[in-house]
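Residue numbers (my numbering): 9 to 368.
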């Protein structure tokens with residue numbers, strides 16, 4: 009009996025600080041995140057410059073955009089909430105963290121007027137189309153979409169200095185998103201328009217169907233010619249995509265038309281992608297195929313085969329094979345945090361991987 013009492017006392021002693029710490033967290037504040045790591049064998053073939061990028065295979069551990077965040081939502085008056093989010097990238101394989109590097113913002117959410125966010129984000133164009141059909145691994149790591157046009161998020165990934173507005177649901181199914189960003193660019197020449205990004209999305213969600221049409225435009229975002237005093241550029245991308253849940257299969261697709269004008273020239277590209285997920289109990293089977301047809305033989309193809317086993321709703325183990333095969337002048341590359349590959353024209357990059365992911 010004394011041993012049982014002692015054990016109970018020890019458990020209570022350890023549980024009390026945890027309970028006290030939990031009580032300090034307001035109910036409006038949520039701590040969330042994802043840890044996601046793969047062990048991979050990454051191969052490079054057909055390199056056009058073996059001095060810069062040798063043809064080789066390497067084993068690597070790759071972090072697939074692990075993250076941790078704080079999310080806050082508190083009612084101020086009936087119909088209006090104060091919101092904020094602080095989300096940070098964490099790298100489990102290399103041991104570094106970048107504070108507020110992902111979607112981080114403050115704003116207001118209203119039943120009548122929608123949601124207004126000010127801060128840093130990858131933007132609604134990406135979320136409504138590309139991310140939506142990337143069902144295998146949250147569009148992260150080396151099996152992520154390597155072919156999307158960077159114009160859709162200001163050629164910056166997560167964009168600084170952004171206003172993002174989302175309308176209430178119109179007619180119960182339609183929403184409109186608008187994003188405006190000043191990016192992180194400096195206006196060097198006053199005769200050139202200030203660098204900025206504009207994104208617009210119209211989306212329809214009804215039962216198993218999601219459809220979205222988006223427009224993105226980025227101006228003067230990069231100094232392509234370092235010797236020139238003016239860094240003028242103008243890039244646009246129009247994307248239509250969506251997904252339908254047939255129960256036995258989830259099918260997603262998108263088409264993108266993009267153009268980038270810079271230094272007196274332009275590059276046009278057409279991009280399409282099809283993805284499918286076949287759920288069987290706790291198992292998922294995935295196939296994903298994309299192709300870019302671009303001027304000057306600078307396109308590429310990517311395809312991925314993947315398998316997920318969902319141990320619980322939060323945790324899965326998985327495996328995939330993905331490859332990016334560039335045209336003669338194409339310079340696309342795998343999308344993970346790998347450090348052993350460099351972009352060279354015409355190369356083929358591939359990875360075979362096993363991994364584990366837990367959401368919390």
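Each residue gets a CB set at the ideal place from its N, CA and C atoms; glycine is no exception. It should be emphasised that the depicted structure is a prediction, and the values quoted were computed from it without experimental measurement.
Out of curiosity, what's the CA-to-CA distance linking residue i and residue j?
i	j	result
residue 299	residue 308	6 Å
residue 360	residue 50	7 Å
residue 123	residue 353	43 Å
residue 289	residue 60	46 Å
residue 3	residue 163	The requested residue 3 is not part of the displayed model; the chain covers only 9 to 368.
residue 314	residue 286	11 Å
residue 237	residue 200	Low local confidence applies: a pLDDT of 48 at residue 237 is under 50, so the model's placement there is unreliable, with the coordinate-based value given in what follows. Distance between the alpha carbons of residue 237 and residue 200 is about 10 Å.
residue 115	residue 126	6 Å
residue 425	residue 189	Nothing about residue 425 can be reported from this structure: the residues present for the chain run from 9 to 368 only.
residue 295	residue 278	21 Å
residue 78	residue 191	23 Å
residue 178	residue 253	22 Å
residue 306	residue 94	38 Å
residue 62	residue 68	16 Å
residue 173	residue 105	28 Å
residue 117	residue 168	21 Å
residue 47	residue 160	30 Å
residue 334	residue 280	15 Å
residue 113	residue 33	20 Å
residue 165	residue 224	13 Å
residue 262	residue 217	14 Å
residue 196	residue 229	11 Å
residue 1	residue 316	Missing from the structure shown is residue 1; the chain here goes from 9 to 368 and no further.
residue 76	residue 38	11 Å
residue 64	residue 143	30 Å
residue 187	residue 350	32 Å
residue 103	residue 193	29 Å
residue 121	residue 109	28 Å
residue 255	residue 264	27 Å
Please go through the same chain and pick out, in chain order, the residues whose beta-carbon is closer than 8 Å to the beta-carbon of residue i, but skip the five residues on each side of it.
i	result
residue 119	87, 88, 176
residue 332	154, 155, 308, 309, 310, 340, 341, 342, 356, 357, 358
residue 36	80, 81, 82
residue 74	41, 42, 43, 44, 45, 97, 98, 99, 100
residue 319	290, 325
For residue i, count the other beta carbons within 10 Å of its own beta carbon; 16 or more makes it buried, fewer makes it exposed. Which is it?
i	result
residue 111	buried
residue 82	exposed
residue 107	exposed
residue 145	buried
residue 214	exposed
residue 3	An answer regarding residue 3 cannot be provided, because it is not within the stretch 9 to 368 covered by the chain.
residue 304	exposed
residue 203	buried
residue 276	exposed
residue 227	buried
residue 336	exposed
residue 241	buried
residue 157	buried
residue 325	exposed
residue 338	buried
residue 170	buried
residue 205	buried
residue 330	buried
residue 232	Here the model assigns residue 232 a pLDDT of 43, short of 50, so the residue's position is not dependable, and the following value carries that caveat. Looking at its Cβ environment, which holds fewer than 16 other Cβ atoms inside 10 Å, residue 232 is exposed.
Who are the near neighbours of residue i in its chain, counting only those whose CB is closer than 6 Å to its CB and skipping five residues on each side?
i	result
residue 323	366
residue 71	45, 99, 100, 101, 345
residue 368	41
residue 219	212, 250
residue 297	282, 311
residue 138	153, 156
residue 362	47, 327
residue 221	210, 248
residue 260	141, 251, 283
residue 268	243, 275
residue 302	277
residue 348	66
residue 364	325
I'd like the list of long-range same chain contacts for residue i, defined as Cβ closer than 7 Å, with 5 residues on each side in sequence excluded.
i	result
residue 29	Low per-residue confidence applies at residue 29: pLDDT is 48, beneath 50, and the placement is therefore not dependable, though the value from the model is reported in the following sentence. No residues qualify anywhere along the chain.
residue 321	none
Less than 7 Å between the CB of residue i and some heavy atom of the ligand ZN, yes or no?
i	result
residue 218	Ligands in the displayed structure: none, and consequently the ligand ZN is not present.
Does any C-beta atom of chain C lie closer than 8 Å to the C-beta of residue i?
i	result
residue 338	Of the protein chains in the structure, only one exists, and it is not chain C.
Original post:
Counting Cβ pairs closer than 8 Å, one from the segment 54–72 and one from the segment 84–91, do we hit at least three?
Top reply: no
**OP:** Taking 8 Å as the threshold, find out whether the segment 338–345 comes into contact with the segment 140–151 through three or more Cβ pairs.
**Re:** yes
**OP:** May I ask you to verify whether the segment 122–138 touches the segment 243–251, counting CB pairs closer than 8 Å and requiring at least 3?
**Re:** yes
Original post:
Are the segment 203–221 and the segment 178–195 touching by the rule of at least three beta carbon pairs closer than 8 Å?
Top reply: yes
Original post:
Whole beta strand (DSSP E) runs in the segment 68–154 with 3 or more residues, listed along the chain?
Top reply: 75–85, 88–99, 104–106, 112–118, 122–129
Original post:
Hey, which unbroken runs of the alpha helix (DSSP H) at 4 residues or more fall wholly within the segment 284–322?
Top reply: none
Original post:
In chain order, which alpha helix (DSSP H) runs of at least 4 residues are fully inside the segment 326–350?
Top reply: none
Original post:
What are the complete beta strand (DSSP E) segments, minimum 3 residues, inside the segment 155–225?
Top reply: 167–174, 182–189, 204–214
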